[in-house]
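Undergrad:
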Amino acid sequence: MTRGYADVLVGLQYGDEGKAKIIDHLAHAYDIIARFNGGANAGHTVRTPLGSAKLAQVPSGAFHPDKLLYIGSGCAVNLEKLAGEIDALERAGLTLDGRLLISGRCIVVQPVHVRMDVLHGSDIGTTGNGIGPCYADLALRMRSECRTVVQLRDLHKNLDLAFGQMAAYDRLSAPCSKAHEADIAATFHRLRAAWTRILPFVTMDDLFLTRLVRAGKRVLFEGAQSLQLDVSLGDQPYVTSSHTSASFAYVGGDLSCHFHRKTIGVAKAIVSRVGAGPFPSEFGGTASASYCARAAKEGTGHEAERARFDPRALLASGDPFELGIALRMLTDEYGTGSGRPRRIGALDVSQLADAASRHAVDEIYLNKCDSLALFPNKASGAIPVFDETSLRWFPSFAGPLNASLPPSLRGLIAHIERRTGSRIAGIGTGPARDDIICLQ
Ligand code: GDP
Ligand code: IMO
Ligand code: MG
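So the sequence shown is numbered by this note's numbering: it starts at 29 and just counts up by one.
See the structure below:
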């Protein structure tokens, strides 16, 4: 019998590189698509012939009805949101019965985690999903004789006991009041319903993937968030709270690294970052960062910018801050879950080279190459690329892209391959499953 293998796909920048689109594109060549980190903080967009979705916790192979989907123990599960996601997919005609499996070791995002994140996460610009407090409490284990962490298997073993423990922990971190007690009762009522929905998908079999891979099956691990947001390797504190590196797939994904075949990186040709933190290639620098932070606080996004700006005029203005706004509007860079305006910057080749070398990335998909055609033509060159702390310019090209790529784009691809030492396996030309030109 031939042994199976696993490939790991991770984002190389600050998230939202179009990982889900590449997962959905590549899924046909695998048997199982598996998540290993993060939770409802992810926003993964897929556009397929069977329909479109913004997925958060369900792996992006969902629109391949013959594939197994696995949520590994490294993930933090929001019960209500996951139940809602499963319902939405089933309403769209995709049954998950028997093909979605969720590790019993996944940690549960508790109401107290969401409350703490919403209260304290604004300096970082978190997604407010309770992810930081939840992973922190996994490491903490106990506080004042109260367990701080609940795994799905605890709910499976004794639901009343586990909910009782969650309620006790909730009371520890909020002043006792009648209103809070009523709130706890209502919340646990909803959680009970969500758990009933999720229970059939939960597996206590820690060896689920191992057994399948030993029997010849092929796994594609789907990273959430991205390398620059890794809790240890990113720019603390402006990071998420899980490990996002490819190696972590074999911890949070419940498989031995013995089965690793290759690492696939996803980047986009115009970079975005949502939330606070360093972004050296940002168009408009600190002006852009504070503008986006303010917009996120005020809850203004696409509609507000559309009412205020003419993106074509901004594009031609020559001002980097205005260029950033124009590119955001024209390429629809608003948070998948939150609608927050994403900060926009030039492709950072030094960052890509560092990420590719540190994580031994075998091949890279470069999404959103279609968007490069938006850069206004100038005699000096049009496409800005950030490398070794300064901008370098590549000639412009006009869209749409087809298999005979314009020479200027070929030049850019060759430059990235030289600097990263990785092959560019394909370029993204649009949001749909097959909007990809594969390169030899
Ligand atoms: P993920 O979190 O990495 O899966 O990415 P998101 O789904 O959060 O954000 C990527 C956005 O870019 C989505 O709206 C995709 O539909 C879109 N997208 C992906 N690839 C391309 C591409 O090659 N061209 C264009 N124009 N849009 C793309
Ligand atoms: P996908 O999987 C982009 C960012 C948040 C914030 C920081 C911490 O769609 O690429 P958290 O809620 O995780 O504690 O927030 O990380 N962030 C993301 N940015 N894409 C994501 O996921 C993100 N998940 C978290 O904006 O700056
Ligand atoms: Mg996203």
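Note that beta-carbon positions come from the ideal geometry of N, C-alpha and C, so glycine has one too. Predicted model, so just to flag it, every value in this text is computed and none were measured.
I want to check one thing, is the minimum distance from the CB of GLY32 to the heavy atoms of the ligand GDP below 8 angstroms?
TA: GLY32 Cβ: outside cutoff for every heavy atom of the ligand GDP.
Undergrad: Given a threshold of 16 other Cβ atoms within 10 Å of its Cβ, counted over all protein chains shown, does MET357 qualify as buried or as exposed?
TA: Under this definition MET357 is a buried residue.
Undergrad: Would you kindly report the start and end of the unbroken beta strand (DSSP E) that includes ALA426?
TA: Where ALA426 is concerned, there is no enclosing beta strand (DSSP E), given that its DSSP letter is neither H nor E.
Undergrad: Is MET194 buried or exposed, if buried means 16 or more other CB atoms sit within 10 Å of its CB?
TA: That one is buried.
Undergrad: Would you identify the three-state DSSP class for LEU128, choosing helix, strand or coil?
TA: Residue state, collapsed to three classes: strand.
Undergrad: Using 8 angstroms as the cut-off, classify the Cβ of THR359 as near or not near the heavy atoms of the ligand MG, replying yes or no.
TA: No, Cβ of THR359 sits at least 8 angstroms from all heavy atoms of the ligand MG.
Undergrad: Can you list, in chain order, the residues of its chain with a C-beta nearer than 7 angstroms to that of VAL267? Leave out the 5 residues immediately preceding and following it.
TA: So the qualifying residues of the chain are LEU257, ASP258 and VAL259.
Undergrad: Under the DSSP definition of a beta bridge, which residues are partnered with GLU45?
TA: Partner(s): none; GLU45 has no beta bridge.
Undergrad: For TYR362, report the span of its alpha helix (DSSP H) as first-last.
TA: It is not in any alpha helix (DSSP H) - TYR362 carries neither H nor E in the DSSP assignment.
Undergrad: Enumerated in chain order, which unbroken segments of the beta strand (DSSP E) with a length of 3 residues or greater are wholly contained in the stretch 295-322?
TA: Within the stretch 295-322, the complete beta strand (DSSP E) runs of at least 3 residues are 298-301.
Undergrad: So, for LEU200: in the same chain, excluding its five sequence neighbours on each side, which residues have a beta-carbon less than 7 angstroms away from its beta-carbon?
TA: Correct list, in chain order: ARG171, SER172 and CYS174.
Undergrad: Which residue from SER300, ASP151, ALA277 and CYS204 puts its Cα closest to that of TYR98?
TA: Out of SER300, ASP151, ALA277 and CYS204, ALA277 has the C-alpha closest to the C-alpha of TYR98.
Undergrad: Taking DSSP's pairing of strands, which residues face HIS72 in a bridge?
TA: Its beta-bridge partners are LEU83.
Undergrad: Assuming ALA116 contacts VAL74 under a Cβ cut-off of 8 angstroms, what Cβ separation, rounded to an integer in Å, is found between them?
TA: Contact doesn't hold; Cβ gap of about 13 angstroms is too wide.
Undergrad: In whole angstroms, what separates the C-alpha of ARG246 from that of GLY66?
TA: Cα-Cα distance, rounded: 22 angstroms.
Undergrad: Please state whether DSSP places GLN253 in a helix, a strand or coil.
TA: Of the three classes helix, strand and coil, the one that applies to GLN253 here is strand, per DSSP.
Undergrad: Residues around the ligand MG, please: the ones whose beta-carbon is closer than 5 angstroms to some heavy atom of it, in chain order.
TA: Taken from the N-terminal end onward, the list reads ASP44, GLY71 and THR364.
Undergrad: Once you ignore the five residues that flank ASN157 on each side, which residues in its own chain have a CB closer than 6 angstroms to its CB?
TA: Contacts found: ALA68 and ASN69.
Undergrad: Does the stretch 345-356 come close enough to the stretch 377-394 that 3 or more CB-CB pairs lie under 8 angstroms?
TA: The stretch 377-394, when compared against the stretch 345-356, does not touch it at the 8 angstroms Cβ threshold.
Undergrad: Is it a yes or a no for the stretch 363-376 touching the stretch 236-245, going by three-plus beta-carbon pairs under 8 angstroms?
TA: No: the two stretches stay apart, fewer than three of their Cβ pairs being nearer than 8 angstroms.
Undergrad: What separation, rounded to the nearest whole angstrom, lies between the Cα atoms of ALA57 and GLU209?
TA: If I take the Cα positions, the gap works out to 50 angstroms.
Undergrad: Would you mind reading off the limits of the beta strand (DSSP E) that contains GLY456?
TA: Note, GLY456: beta strand (DSSP E), 451-456.
Undergrad: Mind pulling the alpha helix (DSSP H) runs of 4 or more residues that sit fully within the stretch 147-190?
TA: DSSP runs (the alpha helix (DSSP H)) wholly in the stretch 147-190: 159-168 and 180-185.
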